[in-house]
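> My questions will all concern the structure given below.
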Amino acid sequence: MKELQHLNKYFLKYKWYLIIGIFITILARVFSLVTPRLIRESTNAIEKYVNGEILEESVVRSELITNILLILGATLVAAFFTFLMRQAIIVASRHIEYDLKNEVYRKYQDLSLNFYKNNRTGDLMNRISEDVSKVRMYAGPAIMYSVQTGILFIVVIPYMFTQAPELALYTIAPLPILSFAIYKLSVAINQRSTIVQQYLSKLNTFTQESFSGISVIKSYGLETQINTSFVELSNENKEKNIDLVKVQAFFFPLMVLLIGASNVLVIYIGGRKFITGEIDNLGIIVEFLLYVNMLTWPVATVGWVTSIVQQAAASQKRINEFLQEEPQITNPNNSSEDVQGAIAFKNVTFTYEDTNITALKDVSFEVESGETLAIIGKTGSGKSTILELIGRLYDVEKGEISIDGKPIESMNLEELRKSIGYVPQDAFLFSDSIKSNIKFGKKDATDEEVFEAAKNAAVHRNIIGFSKGYDTVLGERGITLSGGQKQRVSIARAIIHDPKILLFDDCLSAVDTETEEEILANLHKISQNKTTIIVSHRISSAKNADKIIILEEGKVIQSGSHQDLINAGGYYKELWLKQRDEKEM
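This note's numbering puts the first residue of the sequence shown at -4, with every later residue one more than the last.
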């Protein structure tokens, strides 16, 4: 239960909702208790008339009409207060759910890339959706029903014992059995529900991956195999659901059985006592029957609420695991940073924690503000790692990275990243319009700015060729576009941001040579006062850079201008000659 203490700050925040809700709950229960007493009095009046104790029919009729009106009035008032109660307590739980989801989401935003490498997206989504929803059930319905049950027990049971102690004892005897049985049943349902959710998650993941990879499935002719796997998984999911339904089927029959048992006891014991004269009026038996039915659901909720609390505690524990996770990358200050873009690496060594691969080994270089640096190297040589370190997605293991002469770890993290326009190797686009994807780099951008950025990225002509132009809504991860178009839209998004530092991670690999030259020419114009770093496998993308470094197995093996490296020979010249010959063929 200590895990749920995390919610205390939210209970304090919304205390007036809860206090008012509890007060209204008390009023609602008080008015609902009027009905059994009035029905008892009405029954007694009828009994007296039948026995001749009341001779005038009009007197009985008047009393019955009065009681009926009072019952209707009390019921309407109780219903109104019940509505207000739900508006207070359930609304408070929705506020708590909203705040908790935002807290978790903010934490997700703060956590470093290593966290996401070590945790599956499905699990992250489940904690912010399913787990938070279970916690909301504790903050809302569990509290509401607990208060209702407590008030009924405090008011009704002592009253029943004052009226007929032995009858009251027999009446409530089955209720603890009902509560315990519902609790055990709820635990079993909870266990099976968890399994069902796990299989549903597997089914959803399988389906999502099948849809995302449909082109691969079709190109390899795997439709039959995938369909067979889906059917097997669906059957397993069906069997788990049937196991759950079998247990759930006991719930209401069990309630009806034990309610019936309590009613039988009231009628049998009460009837015998009425016959022997221990109870002097028939109305009390009717009143007790109403109390039994009134108490049955609250008693049943004791087990249900206990199960909710258990589920909420388990879910909050899972949520707390992430909330207590400390981000590896922290913001050291909130001061304003005027980033100019001078970048220096000094003896930088970096190893990825998840793979234990040392991506960079004693790397040193400098780029002045406004200069362009090109990084060339084989796959896995550490090129992308340099860009990730500049954005401080990771912290270095050894050495130092500085921006404008300041250690990168001492800079305002938000200001640093705002000053960077980053185009990753794997272009990611959102399932939104093309215009919105470009404006992601600048939310308040005008249409003219969007068009200009697209033109500089050499994608404007492609976009206006679509039937809806810039309003074309993309599929998941931008699947509507070709690889080259996705890269160019990503470049437009970085350009419109107008940052001091532009980082391009092999983002021209999917475009043809002619388009590449057009983009590079445009980038040369717009990056005159910007520090630009281009990672590429192509010499054509690197030859006009102010500086070029060659990486091999995480080490800088060559550096200089295009002409310097051609004159020096080695890897760069060999790659240049090879690509030149391929172009001429």
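Think of the CB as a built atom: it goes at the ideal place given N, C-alpha and C, for glycine as much as any other residue.
Note that the coordinates shown come from a computational prediction; the quantities given were computed from them, not determined experimentally.
Roughly how far, in whole angstroms, is the beta-carbon of I274 from the beta-carbon of G265, given that I think they are within contact range, below 8 Å?
Confirmed, about 6 Å.
> Just grab the DSSP bridge partners of Q553 for me.
Bridge partners of Q553: I545.
> Measure the CB-CB distance between I272 and E42 and report whether it falls below 8 Å.
Note that residue 272 is Gly in the sequence shown, not Ile. Going by C-beta atoms, G272 is not nearer than 8 Å to E42.
> Taking 8 Å as the threshold (C-beta atoms), are E410 and E332 in contact?
Yes, Cβ-Cβ distance for E332 and E410 is below 8 Å.
> Would you mind reading off the limits of the alpha helix (DSSP H) that contains Y263?
Y263 -> alpha helix (DSSP H) spans F246 to T271.
> Is the beta carbon of E404 less than 8 Å from the beta carbon of T526?
It is not a contact, given that the beta carbons lie outside the stated cut-off.
> In this structure, does DSSP put P169 in helix, strand or coil?
Looking at P169 - three-state DSSP - the assignment turns out to be helix.
> With distances taken between CB atoms, is the gap from I528 to A452 smaller than 8 Å?
Not a contact, by the Cβ cut-off of 8 Å.
> In the DSSP output, what is K393 paired with across the bridge?
For K393, which the question treats as bridged, DSSP gives the partners T344.
> Unbroken alpha helix (DSSP H) runs of length 4 or more, entirely within the segment 80 to 123: which are they?
As far as the segment 80 to 123 is concerned, its whole alpha helix (DSSP H) runs of at least 4 residues are 108 to 113 and 116 to 121.
> When burial is assigned at 16 or more other CB atoms within 10 Å of the CB, is V300 buried or exposed?
Looking at its Cβ environment, which holds 16 or more other Cβ atoms inside 10 Å, V300 is buried.
> Taking 8 Å as the threshold (C-beta atoms), are V191 and L239 in contact?
For L239 and V191, yes; Cβs fall inside 8 Å.
> Which term fits E511, buried or exposed, when burial requires 16 or more other beta carbons within 10 angstroms of its beta carbon?
That one is buried.
> Could you check whether V127 and E92 sit closer than 8 Å to each other, using their CB atoms as the reference points?
Result yes, Cβ atoms of E92 and V127 sit closer than 8 Å.
> Is the number of C-beta pairs between the segment 427 to 439 and the segment 457 to 477 that are closer than 8 Å three or more?
Yes, since at least three Cβ pairs between the segment 427 to 439 and the segment 457 to 477 fall closer than 8 Å, the two stretches touch.
> Kindly indicate which residue of N524, F18 and S88 has the alpha-carbon position closest to the one of V334.
For the residues N524, F18 and S88, the minimum Cα distance to V334 belongs to N524.
> Rounded to a whole number of angstroms, what is the C-alpha to C-alpha distance between Y286 and P169?
Between Y286 and P169, the C-alpha separation is close to 14 Å.
> Helix, strand or coil: how does DSSP classify A23 here?
Note: A23 maps to helix in three-state DSSP.
> Please list the terminal residues of the continuous beta strand (DSSP E) segment that includes V334.
V334 -> no beta strand (DSSP E), and no H or E assigned at all.
> What runs of the alpha helix (DSSP H), each 4 residues or longer, lie entirely inside the segment 175 to 252?
Counting only runs of 4 or more, we get 209 to 214 and 218 to 243.
> Out of V551, R267, D105 and A83, which has the shortest C-alpha to C-alpha gap to L318?
Minimum Cα distance to L318 is reached at D105.
> Considering only residues of the same chain and omitting the five flanking positions on each side of F269, which have a CB-CB separation below 7 Å?
Counting only Cβ-Cβ distances below 7 Å, and skipping sequence neighbours, we find L277 and I280.
> If we ignore side chains and look at the alpha-carbon of each, how far apart do E204 and K197 end up?
Approximately 11 Å between the Cα atoms of the pair.
> So, helix, strand or coil for E361, using DSSP?
Of the three classes helix, strand and coil, the one that applies to E361 here is strand, per DSSP.
> Starting from G372, trace the beta strand (DSSP E) in both directions and tell me its first and last residue.
Per DSSP, G372 belongs to the beta strand (DSSP E) from T367 to G372.
> Please state whether the Cβ-Cβ distance between F345 and A339 is less than 8 Å.
Contact flag unset, no.
> Which whole-angstrom value is the C-beta distance of L65 and V29, which I expect to be below 8 Å?
Between V29 and L65 the Cβ distance is about 7 Å, and since that is below 8 Å, they are a contact.
> In terms of DSSP beta bridges, what is S428 paired with?
V468, per the DSSP bridge assignment.
> Tell me, which residues are paired with I417 by DSSP?
Residue 417 is actually Tyr in this sequence, not Ile. Note: Y417 sits in a beta bridge opposite L498.
> Is the beta carbon of L518 sitting closer than 8 Å to the one on Y417?
Result no, Cβ atoms of L518 and Y417 do not sit closer than 8 Å.
> Measure how close the beta-carbons of S379 and V530 come, nearest whole angstrom, since I'm counting them as under 8 Å.
S379 to V530, Cβ: 6 Å. Contact.
> Note the first and the last residue of the continuous alpha helix (DSSP H) segment covering I490.
Looking at the DSSP string, the run of the alpha helix (DSSP H) that includes I490 is G478 to I491.
> May I have the straight-line CA-CA distance separating D500 from L95, to the nearest angstrom?
Between D500 and L95, the C-alpha separation is close to 36 Å.
> Might you give, ordered along the chain, the residues of its own chain that have their beta carbon closer than 6 Å to the beta carbon of T291, omitting 5 neighbours on each side?
Excluding positions up to five away in sequence, the list reads I254.
> Around the C-beta of K129, are 16 or more other C-beta atoms found within 10 angstroms, so that it is buried, or is it exposed?
Burial call: buried.
> In terms of residue numbering, what span does the alpha helix (DSSP H) encompassing I34 cover?
Run containing I34: V29 to V45, per the alpha helix (DSSP H) assignment.
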